[in-house]
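Using the working numbering, read the sequence shown as starting at 1 and increasing by one per residue.
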Amino acid sequence: MGAVLWLAAQASVLARPPAPIIPSPSPGTSVTLSQNQGQASPAPGASPLQTWPQQHSAFVNGALTVVILVLAYGGVLLVKPRWLLWLPGKLKIPNTPIDLPIGLLLWLKYQPRVLDAWVADHLLAVRKDFCKKGTVKDRSIHIPIQIQLDGQLVDELTPALLRPGFSRSPATLLLVGEGGVGKTSFACQIARWGLGLVDTNDPSPQALCKQAMLPVLIEQELDNTPLRIAIRDQLPRNPDGTFIADDLLDALLRQRRVLVILDHVSEMSDGTYNQMKQALEATPINALIITSRLKEKNLGRPSYDLLQPQKIEGGKLSRFIEPYLEAQGQKDLFEDDTEFYRTCTRLSSMMAATLQSATALLVRMYVDQVIEAGGLKTAQLPDNIPALMLSYLRWLNRPEQVDASQRHDNDQVQQDAKRVAWECLKHTYRPTDAKRPDVLAALGATEPGSATEAAKARLTYLEKPLGLVQQEPAVKIVLDPVAEYLAALHVTEFCQQAEPTERWQQFFETLTADDETLAAMRGFLLAVRNCAEAERPLPEPVLPCLNEVAALDSDALEQARRRQRVNKLIDELYDSEDKYLEQAIHNLRDEGHYAQRAIPDLLKLLSSPQREPTLRTEALTALMQIQPDQTALGQLLQDLLANRGDASEVRVAAIKGLLQIGDRVDGLVPLLQGYFDDTSDVGTVRVQAGEGLRKLGVLQQLLVVQVFDLYTHQIQLVEPPKTHILKLSEDVELTLVYIPGGQFLMGSPEGEGYSDEYPQHEVTIEEFWLGQCPVTQSQYEAVVGSNPATFRLGGNHPVETVNWHAAVAFCQRLSELTELEFRLPSEAEWEYACRAGTTTPFHFGPTITTDLANYRGTDWDYGGQILSGSYGPGPKGIFREQTTPVGQFPPNAFGLYDMHGNVWEWCADHYHDNYEGAPNNNAPWLSSDKRNDRLLRGGSWSNPPQNCRSFVRNYDSPDYRNNYFGFRVVGSAARALL
C-alpha cells in the first residue's frame, strides 16, 4: 500500500508547473520584478490552448493526480490486490480539496479481487483447521444419500445443484430433518466444497461458486456472545494477532467470502435462537447454512433453498453400506454377497420394528459394529436401537482404541454417559448444552474434594479419548441421537425402579406441551419408547401412551416387530451351529404364515444334502406351517418322497406332510399304496406309508412294526383290538382298548437295565381295559373343566403338567360321570400292556427311531455325561422339544399308542428301588407311607431312548408336576365293557 501513497505524492509533484527561469543580473544591471513575479506570463503571441493550463493550474494538478491515482489503484488491484487493505480509514486526494466518501473508500478497499486475495492467503490454513474440528472430522467420510432440494428428490447432491442458490444474495440453505439424518454431515460437505475441496473421483469436479468461501461453524449456545463476535473469533487474525477489522468482517460476510453454518438451531435455547435471529437482521450474512429439525425454526430468513436429507429405506441400505465399507478400507469384509445382504436385511428389520427407516448416522454406527465383529456374527450384533447405542459406547471404549492403563470400565462409561445425556436434555427434552457444574454434580461431585476430582476425570474421559462429549464452552453430547437414546435409557431405568406406575405417570405429566414443542421432542420420545419396549415387564398403559405421544401406530408396530423377528430368524438360519439353527427353525414354524418370507431360505436348507437330516426335516415341518400355497407344497412333498437317494427321515416327513394336506393331493391313496407295497424301499418309508393308509381308512388292520436298524423294518398286519368308546362331550371321546390276560416276565434281563429294574419276575395279568392313548387336553378339560398343560398346541396333544393327585382325581371324576370304575394302571399292568407280548427293550424291537416315537433323538450333555440319542443298532434322530398329538406313531400289537415317549405316565404304585417282594398280579404295589414317591413309566419327549424302554422306571413326589408328566386310565370293570 506504500506504493500507492508514494505514487500519490509523486503525482502531486508532477502536477506542479515548472518555476520560471530568471537570469542572473549582470553587474550594474537593475532588475525590476513585476507585481506578478513568480507567475509565468503568456508569451507574446501564445494561443489560448497554450495559455489555458497556466491559467487553470489547480484544476490541472488535481486532474493529473486523480488520473495517476486511478492508474496506480488499477495496477495494485491487478498485481497486488492485498495491498489495498492498507488503505487508511480516511483519504484526501492530493492537490484537491476532496475527501473520499467513506462508502466509496470501502468500495475501493474491499473489491471482490481484494477479498479473494485475502481468502487465498488464509485458505490452506483454514482448510486444515476446519477439517480438524471434531464435528467435521467425525464426518470426514461423506456417503451420498437421497435429498430433497426445494421439493425435488435428487439421488446425490452436487455443487452444480447448489450453484444457482449461491449466485443470489443472500444465499441461504435450510437443512431440515430429524436427528442423525445427515444435516450436519451435508453442511460440512457443502463447506468443503466452498473451500474448494472437491471429490477427486469426480471426473468433472465443479466448484460451489466462482469464489472460495471460508466456513465458520457455530454449534454451541451463544451465551450472550454476539453472533458477529462468534463468527469473527473463528476467522484468521491479523499478523500481529489482533482480530480483523469490523469493516473487513462486514465485507467478507456481505460478499459471500465467509460461509456461516448455524448448526442445531432448533435445539438451541430460546435465548440463543432469538439472539441469532436479531443478529441476522442486523448483520449482512449473505452465505448461510442453517440446520434444524423443524422447518419453522429458520431464524426468520425471508427466502432460502430447502434441503431435506432422506432416511435410507431398507432396500437402499446396500447403496450406503458398500461405499462406506470401501471408504473404511473394509471392502472385502464379507466372504460373499449373501452375507453382505443379510447384514443389510438385519439392519432394515431392526429399524422397521420401530416403524422408522434408518438414518445415515445409525447405519454408520451399525456398520462400525459389523466391522468390529469382523463381519456378520449374529450373537455379537445389536438387534435394537438402544442396544446399538450401548454397543457404540463399548466400541468407543474398545481396548484397541484406549490404552489399558487409562481405560475405564464399560459399565462405568455407560452410567456416566447416561447421566451426562440426561443433564443435556432434562430441561427441554431436546439435545442442548448443560452447565459443567450441573454435570459434575450428576456424576457425584457434590462438594469440593476427591469426589469432584473423580467426576472431572470421568467427564474428561468421555471427551478424550472417547470423543463422546465436548466441554467447551459448555458440556454437550457430540451426536444428538446418541444423547437422546442415552437420556432415554436413563429415564427408563429410573421409571422401572420402585413404584414404576407412579414414576411413569410423573414422566407423562411433564409432556404437557404444544404440538410444535412435542414435534421438537419427538426424537427423544421415540428413544424413550424404544428403550421402554426392551424393558419388561412394563406397567400396562406405558407402551400405548408412549406410542401415542411419539405418534406411532400400535398395530403397525406389532406387525413391524413380527417382521423383525422373522428377519432375525432368517438370519440365524445361516448360523454355523446346529443348535441355534434348529431353534431358529422352530421359532419360524411358530410364526406360521407371518414367516412366509422365510420360505426360500427354508427351501434352500431343505435341499442341502450336506445338512443333517434332522435339520432338514425340521425345515420341512416349518414349511408345512408357513407355506400358504398348498399345491406347491404338495408337489414339493411328492418330489421329496420320490427321491430314493434322499435321507429316509426326510422322505418319512414328506409322507406325514402329504397326510396333513390330505385331499388337496391328487392320487394320494395309490401313491402311498405303491410305497407300502414296495418291499425294496426303506423300512421307515414303508411303515409311514402304511400308517397313512390306515389313517385314510384304506388299511383296516393294525400295522405292527419291528425295527432292527435304520433300514430293516418288519411289518406285520394284525386285526384291530376290541375297543370301547366313551363320549365325554359332544365332540370329545375317550377310547379304551381291551387287553387280554396273560403271563410275562416283568423287569429287565440281567445286565441290561438300571438296578431298580431287577430281578425279573413272572407276573400273571387278568384282562382289563386301558386307554388307547394318554389322556388328551380336550379329554381332561371335558371331565375336569380346566387345562393345566404347558404345551397347549391342540386338544389332541396329551395333557401334561399334572401331578399324581390330579391324575387320580380325573379318574374319580370320570367314574362319577360314566358310572364305571376308572383308576390309574398298576406298574405291572402298564408294562404288560406296553410289551404286548414282546421281550425286547421296546415293543418295536431291539431299538427305536424318532419316526416311531417322540423322544430326544439327539445326544444330551446331562451334567457332563453324554446320553446318546440312539439305542443299540438304531440311528440318532430329532429332538422335537415338545409333545406330539397322540396316536401319531404306529401302535403295538394290543393297539396302544404312545407307550414309548411323549409323556411319562403315572401309575398307582409307590416306588420301590427293586422288585424284591413285588406282587405277581395286577395289583399295585403300595407301601404303608402314603407320602412315598409314585411310579411313572414310558419315558417322554424330553428323554433319550434308553429311558423310554418298556421296563424303565421313574418316580417322583405325588405332589410334583412337570410338562412331561401325563397319564392314561384303566377301566376296571372289564366284563361290563365287553
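C-beta atoms are modelled at their ideal positions from N, C-alpha and C, and glycine is treated no differently.
Proximal residues to K331 (C-beta, below 7 Å), its chain only, five neighbours per side dropped | L325
Which residues in the same chain have their Cβ closer than 6 Å to the Cβ of L620, if we skip the five residues on either side of it in sequence?
-> L606 and A653
Within the same chain, show all residues whose beta-carbon is closer than 6 Å to that of T32, passing over the 5 residues directly before and after it, in chain order.
-> Low confidence applies here, because T32 scores a pLDDT of 38, under 50, leaving its location unreliable; read the following figure in that light. Nothing meets the Cβ criterion.
Answer yes or no: do G179 and R293 have a C-beta to C-beta separation smaller than 8 Å?
-> yes
Of the listed residues C834, T617, R597 and V682, nearest to P628 (C-alpha basis) = R597
Run the CB neighbour count on I22, radius 10 Å, all protein chains shown included, and call it buried at 16 or more, exposed below.
-> Model confidence at I22 stands at a pLDDT of 38, short of 50, so the residue's coordinates are unreliable; what they give is reported in the following sentence. Result: exposed.
What residue from E905, N567 and F744 has the CA that sits closest to Y341's CA?
-> N567
At which residues does the beta strand (DSSP E) containing F768 begin and terminate?
-> F768 to G771
Quick one: complete alpha helix (DSSP H) runs, 4+ long, within the segment 542-579?
-> 542-549 and 554-572
For Y110, the nearest candidate out of D756, Q255, Q152 and H142 (CA to CA) | Q255
Does the segment 897-917 come within contact of the segment 755-772, defined as at least 3 CB pairs closer than 8 Å?
-> yes
Measure the alpha-carbon distance for E591 versus Q701 and round it to whole angstroms.
-> 38 Å
Please list, in chain order, all residues of the same chain as R346 whose beta carbon is under 6 Å from its beta carbon, the five residues on each side excluded.
-> D571
Counted within 10 angstroms of its Cβ, other Cβ atoms place S608 as buried (16 or more) or exposed | exposed
With distances taken from CA atoms, which of N587, G939, T242 and Q673 is nearest L699?
-> Q673
Host beta strand (DSSP E) of S292 (start-end) = A287 to S292
Opening and closing residue of the beta strand (DSSP E) in which N954 lies | R953 to D956
According to DSSP, is D678 helix, strand or coil?
-> coil
Kindly indicate which three-state DSSP category T359 falls into: helix, strand or coil?
-> coil
In the DSSP assignment, find the alpha helix (DSSP H) that holds C907 and state where it starts and stops.
-> Here C907 belongs to no alpha helix (DSSP H); instead the beta strand (DSSP E) covers W904 to H910.
Since G901 and W860 are thought to touch, with beta carbons under 8 Å apart, how far apart are those beta carbons, to the nearest angstrom?
-> G901 to W860, Cβ: 14 Å. No contact.
Once you ignore the five residues that flank R82 on each side, which residues in its own chain have a CB closer than 6 Å to its CB?
-> A117
Bridge-paired residues (DSSP) for I739 | F768
Sequence-distant residues of the same chain with beta carbon closer than 8 Å to E281, five excluded per side | G300
With L362 and A373 assumed to form a contact (beta carbons below 8 Å), what rounded beta-carbon distance in angstroms separates them?
-> In fact, because the Cβ distance is near 17 Å, the residues do not count as touching under 8 Å.
In three-state DSSP terms, what is D383?
-> coil
What residue ranges within the segment 249-319 form continuous alpha helix (DSSP H) runs of no fewer than 4 residues, ordered along the chain?
-> 270-282
Of all the options D677, V970 and W769, which has the alpha carbon lying nearest to the alpha carbon of F810?
-> V970
8 Å Cβ shell around M746 - same chain, five flanking residues per side excluded = Q760, H761, E762, V763, A828, E831, Y832, Y915, A918 and F951
How would you call E577, buried or exposed, if buried means at least 16 neighbouring beta carbons within 10 angstroms?
-> exposed
From the DSSP output, in three-state form, read off N979 for me.
-> No answer is possible for residue 979: the residues shown for the chain start at 1 and end at 978.
Cβ separation of D150 and I218, assumed to be a contact under 8 Å, to the nearest whole Å | Between I218 and D150 the Cβ distance is about 24 Å, and since that is not below 8 Å, they are no contact.
Using DSSP with H/G/I as helix, E/B as strand and the rest coil, what is H713?
-> strand
CB V482 to CB V475, shorter than 8 Å?
-> no
Rounded C-alpha distance that separates K579 from L623 | 19 Å
Does DSSP classify F894 as helix, strand or coil?
-> coil
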